[in-house]
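> Residue numbers (our numbering): -17 to 245.
Positions of the beta carbon are idealized from the N, C-alpha and C atoms, including for glycine.
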């Protein structure tokens, strides 16, 4: 039976919670495979693995438990290995690199920030900043609402201004919070978010980072900010890539770290 690989830890890692359950239906028991100074968190892999919400959450739950008191290198969802020997072989072959990543990320956690606009707030903001939009809005008001063409023009100008403000605010958030973090990773864009940023934060500085987020929230009420953390360092893991491994080894260790699922 093949293994499902959740993440990599030090062999000296403090014990995982007893009876920790992983993916699958019924959930598979989680165990640790040790090789030298390293270890991999694994469980039995289901025959047909699909990215169902239940399994995505189980994957994240195991990594959260592993990263609660010590550092863990998270694997992406779906990383499997045909057997125990393949896992321990990869740990032995990549020991120097993996130990270096563990040292680099020790004592740090990821905080993911997603931001969008409060619609009413951003409209007030762009109206206040743009003389041309204000002038056209006033002219339309005096004309009883304006012609169809004027209304269309007004809508286009507002949409362009809001779009430009999205880029400005994304840059503002990154520059304002970067000094409170060790590193920043820009996540993929998605509908509904003007910014998707992950920050690597020293656990001892977490309160300062969260205070900086709250300060931004107060200073810019047109922004809606959503923070997830502390998380394992999903966005800051350099795991073995498919170019550096072949066959089962590449399957065992994914090309990129997984990202947290949205609740």
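Which one or two residues does DSSP pair with residue 62 in a beta bridge?
The residue given as residue 62 occupies position 80 in the chain shown. Looking at the DSSP assignment, residue 62 forms a beta bridge with -14.
> Figure out for me which residue from 49, 28 and 34 has the closest Cα to the Cα of residue 211.
By one-based count along the chain shown, residue 211 stands at place 229. Of the listed residues, the one whose Cα sits closest to residue 211 is 49.
> Counting only runs that start and end within the segment 153 to 230, where is the beta strand (DSSP E) found for 3 or more residues in a row?
DSSP runs (the beta strand (DSSP E)) wholly in the segment 153 to 230: 165 to 168, 177 to 184 and 205 to 213.
> Measuring CB to CB, does residue 95 end up less than 8 Å from residue 218?
Position 113 of the chain shown holds residue 95. Position 236 of the chain shown holds residue 218. Taking 8 Å as the Cβ cut-off, residue 95 and residue 218 do not qualify as a contacting pair.
> Tell me whether residue 148, by its Cβ, gets closer than 7 Å to a heavy atom of the ligand MG.
Of the ligands one can find in the structure shown there are none, so the ligand MG has no counterpart to examine.
> Please determine if the segment 53 to 61 and the segment 168 to 179 are in contact, where contact requires at least 3 C-beta pairs separated by less than 8 Å.
The segment 53 to 61 is not in contact with the segment 168 to 179.
> Answer with buried or exposed for residue 62, where buried requires no fewer than 16 other C-beta atoms within 10 angstroms of its C-beta.
Taking the first residue of the chain shown as 1, we reach residue 62 at position 80. Buried, since its Cβ has 16 or more Cβ neighbours within 10 Å.
> Along the chain, where does the beta strand (DSSP E) that runs through residue 15 open and close?
Counted from its first residue, the chain shown places residue 15 at position 33. Unbroken beta strand (DSSP E) run through residue 15: 12 to 17.
> Going by C-alpha distance, which of 118, 15, 209 and 0 is nearest residue 140?
Against the chain shown, residue 140 aligns to sequence position 158. The shortest Cα separation from residue 140 among 118, 15, 209 and 0 belongs to 118.
> Three Cβ pairs or more, each shorter than 8 Å: is that satisfied between the segment 17 to 29 and the segment -11 to 1?
Contact between the segment 17 to 29 and the segment -11 to 1 is present, because at least three Cβ pairs lie under 8 Å.
> Using a 10 Å radius around the Cβ and a threshold of 16 neighbouring Cβ atoms, would you call residue 221 buried or exposed?
Along the chain shown, one-based indexing puts residue 221 at 239. Annotation note: pLDDT 45 at residue 221 (below 50); position unreliable, coordinate value reported separately. Result: buried.
> Where DSSP assigns a beta bridge to residue -8, which residues make up the other side?
What you label residue -8 is simply residue 10 of the chain shown in a count that begins at 1. Partner(s): 20.
> If residue 207 sits next to residue 91, beta carbons under 8 Å apart, how far is it from one beta carbon to the other, in whole angstroms?
Reading the chain shown from its first residue, position 225 is the one you call residue 207. Reading the chain shown from its first residue, position 109 is the one you call residue 91. About 18 Å separates the two Cβ atoms, so there is no contact after all.
> Does DSSP classify residue 29 as helix, strand or coil?
Here residue 29 corresponds to residue number 47 of the chain shown, with the count starting at 1. Note: residue 29 maps to coil in three-state DSSP.
> Where does residue 2 sit, in a helix, a strand or coil, going by DSSP?
Looking up residue 2 in the chain shown gives position 20. Coil.
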